[in-house]
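Count along the sequence shown starting at 1, add 100, and that's the number in this note's numbering. Glycine included, every Cβ here is placed at the ideal spot set by N, Cα and C. Please read all numbers here as calculations on a predicted model, not as lab measurements.
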Amino acid sequence: RKAEEVQAVSKNAELPLCPLEPPNLQGHLDVSFASEPHTMEQTKESNPLVKIGGAYLPPYCTSRWKVAIIIPFRDRDTHLQYFLQYMHPTLQRQELDYRIYIINQYGAGKFNRAKLMNVGYAESIKDDTFQCFAFHDVDLILENDKAIYSCPENPRHLSVGVDKFNYVLPYTAIFGGVTELTKEQFTKVNGYSNSFWGWGGEDDDMYNRVKLKGMNIMRYPGGISRYRMISHQREKGNEENPHRFDLIRKTGSTMATDGLSSLKYKVIAREDYPLYTNITVDLFGPA
Ligand code: UD2
Ligand code: MN
101 RKAEEVQAVS
111 KNAELPLCPL
121 EPPNLQGHLD
131 VSFASEPHTM
141 EQTKESNPLV
151 KIGGAYLPPY
161 CTSRWKVAII
171 IPFRDRDTHL
181 QYFLQYMHPT
191 LQRQELDYRI
201 YIINQYGAGK
211 FNRAKLMNVG
221 YAESIKDDTF
231 QCFAFHDVDL
241 ILENDKAIYS
251 CPENPRHLSV
261 GVDKFNYVLP
271 YTAIFGGVTE
281 LTKEQFTKVN
291 GYSNSFWGWG
301 GEDDDMYNRV
311 KLKGMNIMRY
321 PGGISRYRMI
331 SHQREKGNEE
341 NPHRFDLIRK
351 TGSTMATDGL
361 SSLKYKVIAR
371 EDYPLYTNIT
381 VDLFGPA
């Protein structure tokens with residue numbers, strides 16, 4: 101079934117299917133933020149097969165997975181440089197057919213990570229027939245390429261071990277950081293809530309959505325699903341959301357009407373840069 105799906109969507113359909121285990125994986129990767137990140141130009145030069153808009157597909161086989169990498173973003177340029185420097189080579193070794201989307205929140209109002217994810221989903225499916233979506237913090241860098249960003253059978257939580265949390269899962273229901281859902285799984289839960297302005301809770305609400313729709317989350321073993329987080333302060337405009345506890349108590353009654361079905365935004369700009377697609381968006385936040 102998977103193979104036929106991919107054949108139908110891939111531009112390289114005439115090539116043989118890529119092997120289930122990509123042969124060039126390295127396992128543990130040394131990730132360090134001690135020195136300056138590579139410039140965009142350097143990263144572009146060392147990733148000649150990445151196409152305009154930050155897209156790639158293996159030239160020698162038909163990828164099994166067509167993935168949109170959706171990154172909520174505002175004013176984290178250095179993090180983005182590290183992200184592109186480290187993640188482009190990793191995603192290519194994983195033999196994915198992928199494209200990186202930066203969903204850049206316009207204005208200085210309260211940040212809304214979850215709504216940016218919804219926008220990324222809605223805009224990316226206009227471009228291409230993605231089978232699944234990796235919802236990815238810009239400051240998390242994968243430290244082991246064996247955690248493949250393949251399209252998951254159940255919604256997948258990838259940031260299992262994060263250096264900031266001493267590589268220990270803070271709580272079993274955590275579903276923030278890096279997650280992956282297929283188109284089917286994401287639409288089943290009506291996407292993310294659009295109502296979480298400021299820091300926190302949007303990830304727990306998504307966990308509730310997944311469980312309420314009868315799905316279970318899956319994880320790779322902690323030994324490979326490991327990330328380093330680039331250290332940062334909490335930004336102005338992303339203060340803790342005091343309403344988050346109330347909101348996550350009500351997921352069951354709000355999820356049908358709050359999500360992809362109620363998503364309203366305005367694209368301010370769209371640029372296909374060499375290493376990523378940038379979409380700057382007005383989320384129509386509260387005053
Ligand atoms: C945790 C979660 C994150 C999210 C957040 C609560 C993990 C590992 N991370 O991260 O997924 O649930 O809590 O909202 O579980 N961002 C910007 N500009 C800003 C603010 C945020 O680009 O001004 C983006 C960026 O991609 C960042 C992400 O939003 O990585 C999450 O924000 P954070 O890194 O400040 O939150 P953090 O580290 O507490
Ligand atoms: Mn962070």
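Proximity below 8 Å, CB of residue i to CB of residue j
i: residue 126; j: residue 303; result: no
i: residue 291; j: residue 221; result: yes
i: residue 327; j: residue 276; result: no
i: residue 157; j: residue 197; result: yes
i: residue 344; j: residue 300; result: yes
i: residue 147; j: residue 173; result: no
i: residue 254; j: residue 317; result: yes
i: residue 167; j: residue 118; result: no
i: residue 238; j: residue 180; result: yes
i: residue 308; j: residue 215; result: no
i: residue 236; j: residue 289; result: no
i: residue 151; j: residue 230; result: no
i: residue 252; j: residue 280; result: yes
i: residue 375; j: residue 143; result: yes
i: residue 366; j: residue 381; result: yes
Secondary structure of residue i, DSSP reduced to three states
i: residue 215; result: helix
i: residue 188; result: helix
i: residue 143; result: helix
i: residue 273; result: coil
i: residue 222; result: helix
i: residue 372; result: strand
i: residue 156; result: strand
i: residue 233; result: strand
i: residue 329; result: strand
i: residue 178; result: helix
i: residue 363; result: coil
i: residue 347; result: helix
i: residue 193; result: helix
i: residue 264; result: helix
Local Cβ density within 10 Å of residue i, reported as buried at 16 or more and exposed below that
i: residue 187; result: buried
i: residue 274; result: buried
i: residue 102; result: Reliability fails at residue 102, whose pLDDT of 49 lies under 50, so the model's placement of it is uncertain and the value that follows must be treated cautiously. Residue 102 is exposed by the Cβ-count criterion.
i: residue 104; result: Low confidence applies here, because residue 104 scores a pLDDT of 49, under 50, leaving its location unreliable and the question unanswered by this model.
i: residue 368; result: exposed
i: residue 114; result: exposed
i: residue 312; result: exposed
i: residue 346; result: exposed
i: residue 107; result: Annotation note: pLDDT 47 at residue 107 (below 50); position unreliable, no value reported.
Candidates the options: closest to residue i by CA position
i: residue 338; options: 297, 149, 250; result: 297
i: residue 123; options: 318, 348, 248; result: 248
i: residue 202; options: 387, 155, 170, 358; result: 170
i: residue 234; options: 228, 257, 340, 243; result: 257
i: residue 192; options: 163, 217, 172, 219; result: 163
i: residue 217; options: 334, 133, 379; result: 379
i: residue 195; options: 224, 208, 165; result: 165
i: residue 360; options: 223, 133, 211, 140; result: 223
i: residue 213; options: 349, 306, 167; result: 306
i: residue 129; options: 324, 382, 366; result: 324
i: residue 139; options: 347, 366, 177; result: 177
i: residue 243; options: 330, 159, 282, 229; result: 330
i: residue 199; options: 373, 382, 341; result: 373
First and last residue of the uninterrupted beta strand (DSSP E) at residue i
i: residue 205; result: 197-205
i: residue 381; result: 377-382
i: residue 168; result: 166-173
i: residue 242; result: 240-242
N-terminal and C-terminal residue of the alpha helix (DSSP H) that residue i is part of
i: residue 351; result: 351-354
i: residue 309; result: 302-312
i: residue 288; result: 283-288
Min CB distance residue i to chain B below 8 Å
i: residue 271; result: Looking at the structure shown, chain B is missing, and only one protein chain is on hand.
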